[in-house]
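Going by this note's numbering, the sequence shown opens with residue 42, and the numbers climb by one from there.
Glycine included, each C-beta is placed from N, C-alpha and C at the ideal position.
Just so we're clear, the structure is a prediction, and the values are computed from it rather than from any experiment.
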Amino acid sequence: MNPTLQKDSPLILVADDDRFTRMLLRQILEQDGYRVEEAGNGEQCLSAYKKERPDMVLLDAVMPVMDGFTCCTHLQALNGDSSHNGDRNLSDSSLEYASRIPVLMITGLNDPESVDRAFTAGAVDYVTKPIHPPVLRQRLRRLLEASWAQEALRESEKKYRSVVENLKEVIFQMDTARRLVFLNPAWAEITGFSLEESLGKGFLDFIHPNDRQFHDQQFQFLIERQQDECRYQIHYLPKNGGVALIEVYARLLSTEDGIPIGISGTLNDITERKRREQHLSAEHATTRVLAESVILEKATPKILQAICESLGWAVGELWSVDGKTNVLRCVQTWHLPSLAVSEFKAVSEQISFALGEGLPGRVWATGEPSWMSNVVENPHFLRGAVAAKAGLHAAFAFPIMAENEALGVMTFFSREIQTPDPDLLKVMGAIGSQMGQFIKRKQAEEELQRQHAVLQSELNQAADYVRSLLPRRLTTGVTIEEKFVPSVQLGGDAFDYRWLDEEHLVVYLLDVAGHGVKSALLSVSVLNVLRSQSLPHTNFYQPSAVLNALNEVFQMGETGDDYFTIWYGVYHKTKRQLTYACAGHPPAILLSGTSTPSSVQEIGMPGLPIGMLPEVEYEDKSCKIPAGSTVYVFSDGVYEIHQSDGQIWGVKNLVNLLTNYQKSSTSNLDTVFHHIQTLSSDKDLDDDFSLLEINFN
């Protein structure tokens, strides 16, 4: 497992109705050192979560009984009460976000509505099918680390609130002229001004000019008896420079006759608490904008606005890399509506920065966030003159990073001179990485959608080609009937049967993961290899040897969707013995021709699909075939039928149907197919329908 993870053997709950997907996820996760629990639907997921309390939930969006979206909503409700306990001085929204159960939703790639529903239900991120193991590992690691960081932050916030509540408050008293006449020693600790420097001066002298009118108004209300007490927040000017935030509580002092003699109260420095709230607010606002956006161009102005408003900054800019000239150009700007920055904005849109030039160029070159306390006085800031006219001073910038590549830079400006805030730069660096991942993900999705549109036009021709390669009815020695109906998207089913010699009949059926031309081409490739017997040093009379050789040749690639299941059997006519091996494929069904329960026998065994993991060893099994028996070999598309009530039809019902069908002398495989087709909630089947009927004399 990645060495950055701090907790040993995190527990991952995998909820997916597809057993091969669960099998694949278990192999990937356990290989990385995770512990894994499985659930086949939403209700099982809820029960497993309550019992095991896992670190992360991988949740499929579409499942029977209870779908992933409903399950995700219920999961978040399980943790709902905890987010409302305790002191809520910090941002309510930040605490609720931190307490969310980390759910990574698995959705369809070309289904933005499902992605929106996933975030609405409370998911923290999503991956698309087919699952790409490197992407899954990266998302899982990032979300687990974020979840643990949020947990640590919540604990830190609890400790911080406890410290704040027990700190000595500043106790002050002033006369009716609003001159300070009493201060306790905490005043010097907070502001840096000694008591000698402060007593006798007006409280207004220590308050930031922008807040003086508001503060004066609050005290005037007390003097005029419009209110008995007041509590509010204002910025003050510490002795060491900069700007800080205090919470003021004040009430009127009067004589027994009710004559005002002054004002007393307390002061608490809340600068650090407010800064943390702002950082969390900016991060969460950006995350929400990205989650709700489909196009980056529409998301960018909202991100600039969200960060500015969360931090109280005035202007935000997006600088994008011009691929033709290899310079940065300003492509988006947001500013406070009340701010006159037209000249500054015009200059920004006209200027460009080379690598290492100016604040944006330096951040582009280093790939690290940067801070300027006052751009007006900084010789490296090339727009200092127009910034001064606009009243802009402090600035920071951070790169938009993806895979160690800076895709752009965001810069922000304040009307105040501000000392560097390392914690804020860390938060902004994380936001830049998040935006970079968003851009790369959208680019990948757009490219895949383009490819899908091209491939879709070829599906009909591909289906005809696959159909032309499949064998027809066999009548020599053993009778074999087949029924093959490709799905609308064209799956990866293929099969063959033929006599290897006068004594040995080979039968196999394979099912490639996924749909479309790519899956069909892989199935055709496997079919050609088996027909031509081009696997080197392989005994094609021994099923396990064939599967081992296939697994060595057809290992899964980076896309993670090019594996397949297969049932492979060899029948010895004289011995009436069938030797077979399975690689993740549904077992065949042997019907002896009688009506007793013992006449039904499953011919199969568990095993990983071909291509999932190297060095897997497959085994042979054998069974006797009584005279008059029938063996059915099929793909999962024959029984995994989504019915109108939301339930999966299943293997048990298929066996019952085949048993009844065998008794009917007038039926054929078309009858079986049409019956199954009527069960589906959709007119078109979701997967290829492949069914072989082998009748032994």
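Can you name, in chain order, every residue of its own chain whose Cβ lies under 7 Å from the Cβ of residue i, other than the five neighbours on each side?
i, result
"residue 670", "631, 632, 633, 634, 737"
"residue 429", "417"
"residue 613", "544, 545"
"residue 156", "148, 167"
"residue 720", "682, 684, 690"
If you draw a straight line from the alpha carbon of residue i to that of residue j, how long is it in whole angstroms?
i, j, result
"residue 188", "residue 75", "16 Å"
"residue 730", "residue 78", "31 Å"
"residue 572", "residue 444", "44 Å"
"residue 369", "residue 359", "9 Å"
"residue 432", "residue 470", "26 Å"
"residue 328", "residue 270", "39 Å"
"residue 425", "residue 149", "49 Å"
"residue 621", "residue 54", "34 Å"
"residue 61", "residue 688", "19 Å"
"residue 467", "residue 231", "26 Å"
"residue 683", "residue 81", "15 Å"
"residue 395", "residue 411", "17 Å"
"residue 65", "residue 505", "31 Å"
"residue 262", "residue 221", "18 Å"
"residue 583", "residue 662", "10 Å"
"residue 524", "residue 699", "14 Å"
"residue 502", "residue 479", "36 Å"
"residue 298", "residue 247", "32 Å"
"residue 49", "residue 178", "16 Å"
Do residue i and residue j have their C-beta atoms within less than 8 Å of each other?
i, j, result
"residue 375", "residue 357", "yes"
"residue 309", "residue 276", "no"
"residue 560", "residue 533", "yes"
"residue 405", "residue 447", "yes"
"residue 567", "residue 595", "yes"
"residue 565", "residue 608", "no"
"residue 664", "residue 645", "no"
"residue 546", "residue 507", "no"
"residue 68", "residue 588", "no"
"residue 289", "residue 317", "no"
"residue 301", "residue 217", "yes"
"residue 87", "residue 112", "yes"
"residue 436", "residue 458", "no"
"residue 160", "residue 332", "yes"
"residue 651", "residue 592", "yes"
"residue 627", "residue 692", "yes"
"residue 295", "residue 214", "no"
Taking only three categories from DSSP, how would you classify residue i?
i, result
"residue 740", "With the chain covering only 42 through 738, there is no way to say anything about residue 740."
"residue 94", "coil"
"residue 295", "strand"
"residue 662", "strand"
"residue 49", "coil"
"residue 608", "strand"
"residue 286", "strand"
"residue 509", "helix"
"residue 365", "coil"
"residue 522", "strand"
"residue 139", "Caution applies to residue 139, whose pLDDT of 40 falls short of 50 and renders its modelled position unreliable; the model cannot decide the point."
"residue 549", "strand"
"residue 718", "helix"
"residue 343", "helix"
"residue 569", "helix"
"residue 160", "helix"
"residue 668", "coil"
"residue 110", "helix"
"residue 534", "strand"
"residue 712", "helix"
Going by beta carbon distance, what residues of the same chain come within less than 8 Å of residue i, once the five residues before and after it are set aside?
i, result
"residue 460", "282, 283, 414"
"residue 142", "90, 98, 116, 117, 119, 120, 163"
"residue 184", "97, 143, 145, 165, 166"
"residue 245", "219, 253, 256, 257"
"residue 393", "363, 366, 368, 369, 370"
Measure the beta-carbon distance from residue i to residue j and round it to whole angstroms, keeping in mind my assumption that it falls under 8 Å.
i, j, result
"residue 542", "residue 171", "Not a contact, Cβ separation roughly 40 Å."
"residue 551", "residue 615", "Not confirmed; about 28 Å, so no contact."
Beta-carbon within less than 6 Å of residue i's beta-carbon, same chain only, minus the 5 sequence neighbours each way: which residues are those?
i, result
"residue 476", "441"
"residue 728", "528, 532, 678"
"residue 11", "Outside the shown range of the chain (42 to 738) lies residue 11, about which nothing can therefore be said."
"residue 454", "355, 356, 433, 436"
"residue 540", "546"
Closer than 8 Å, CB to CB, is residue i near chain D or not?
i, result
"residue 300", "Chain labels in this structure do not include chain D; a single protein chain is all it has."
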